[in-house]
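A short write-up of the structure that comes next.
Numbering (this note's numbering), first residue to last: -9 to 297.
Structure follows, in structure tokens:
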């Protein structure tokens, strides 16, 4: 008997078992529709800026930028999948992509917990305990922040952004598996949940860090296609810094607005203010399209494999 099942549920009839599944299915459909609605609203709200930003892009540049975003999102998914496997729930690529990419659409809904709630529910159908899904999700934030800050320092210069070093010691401590395992165990005890069966290992953490770094490079290539005059190295650092500042705003869906303001400020020495605003808006829209593309492709691939 699974720990989450009550005796009545475990011994009850088929109808008793199907009702929760039906409710969960309706909740997931509603979540997907709401997430897609907010994604579409994000495009419509910035439509004038979208037109101005995309007018300066050639079709090859736009296609290259979108491909790079998809590659970056794949790196994020592999970071999450690596953590999940290290914690004891290895998933095949197709179902892992479906859970991650569809769940990530929740970041366009106000509130910080929609993506993790979606991933917990979809992962549960694949045999992933909810606590394990939540742990993998929340571990991604310090991993991406730490690698993003390191990329910023390595590409934009220590002299100008050396103040970011103030945040690195805390992040590096949080990336130590012994510390992470202790924090997770404490949180589960407070929530009166069962402890994780397998602790996070240093090998798993290093693999996740590697995928995160690959993702930053791909994001930099995405920005380089939009603003090539700044150079590839600068584009990698500019996006990493703006993303790190954006993720710190938990209330704003997907860091909307904060990332753009930071990107405009970083790009200001290289392009005009108007061009910087167009670049930031174009980047935002390409990323939205990348999220929708990955979610759609992952859903189709998983459906074909009967996941």
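Every residue, glycine too, gets a C-beta built ideally from N, C-alpha and C.
Residue 219 is not a Cβ neighbour of residue 269, given a cutoff of 8 angstroms. As the crow flies, the alpha-carbon of residue 125 is around 22 angstroms from that of residue 206. Going by DSSP, residue 55 is part of the alpha helix (DSSP H) stretching over 49 to 76. Ranked by Cα distance from residue 143, the first of 96, 165, 224 is 224.
Look at the segment 95 to 139 and you find these whole runs of alpha helix (DSSP H), each 4 residues long or longer: 104 to 115. One alpha carbon belongs to residue 64, the other to residue 286, and they sit about 13 angstroms apart. With respect to the C-alpha of residue 276, the residue from 185, 250, 288 having the closest C-alpha is 250. Annotated three-state conformation of residue 187 is coil, per DSSP. With respect to the C-alpha of residue 135, the residue from 283, 267, 231 having the closest C-alpha is 231. The DSSP-derived three-state label of residue 250 is helix.
Here the segment 105 to 116 does not lie against the segment 164 to 184, with fewer than 3 beta-carbon pairs under 8 angstroms apart. Annotation: residue 260 is outside any alpha helix (DSSP H) and is labelled neither H nor E by DSSP.
Annotated three-state conformation of residue 167 is helix, per DSSP. Counting C-beta atoms within 10 angstroms of its own C-beta, residue 47 has 16 or more neighbours from the protein chains shown and is therefore classed as buried.
By the criterion of a C-beta distance shorter than 7 angstroms, residue 288 is surrounded in its chain by 87, 88, 91, 92, once the five residues flanking it on both sides are discounted. Collapsing the DSSP output to three states places residue 231 in a helix. Each of 85, 195, 113, 265 was checked against the Cα of residue 131, and the nearest Cα belongs to 195. Residue 162 counts as exposed, since fewer than 16 other C-beta atoms from the protein chains shown sit within 10 angstroms of its C-beta. The Cβ atoms of residue 137 and residue 213 do not sit closer than 8 angstroms to each other. Counting every other CB atom within 10 Å of its CB across the protein chains shown gives residue 228 a total of 16 or more, marking it as buried. Ranking 187, 69, 70, 84 by CA distance to the CA of residue 290 puts 84 first. Going by DSSP, residue 198 is part of the alpha helix (DSSP H) stretching over 192 to 216. Approximately 11 angstroms separates the beta-carbon atoms of residue 81 and residue 73; this is outside 8 angstroms, ruling out the contact. When C-alpha distances from residue 97 are compared across 120, 209, 121, 127, the shortest belongs to 127. Between residue 211 and residue 51, the alpha-carbon positions lie close to 11 angstroms from each other. For the 8 angstroms CB-CB criterion, residue 233 and residue 69 do not form a contact. Sequence-distant Cβ neighbours of residue 118 in its own chain, meaning closer than 6 angstroms and more than five residues away, are 79.
Exposure of residue 169 is indicated by the presence of fewer than 16 other C-beta atoms within 10 angstroms of its C-beta. Listed in chain order, the non-local C-beta contacts of residue 77 below 7 angstroms within the same chain comprise 122, 125, 126, 186, 188, 190, local neighbours out to five positions each way being set aside.
The C-alpha of residue 55 lies about 13 angstroms from the C-alpha of residue 271.
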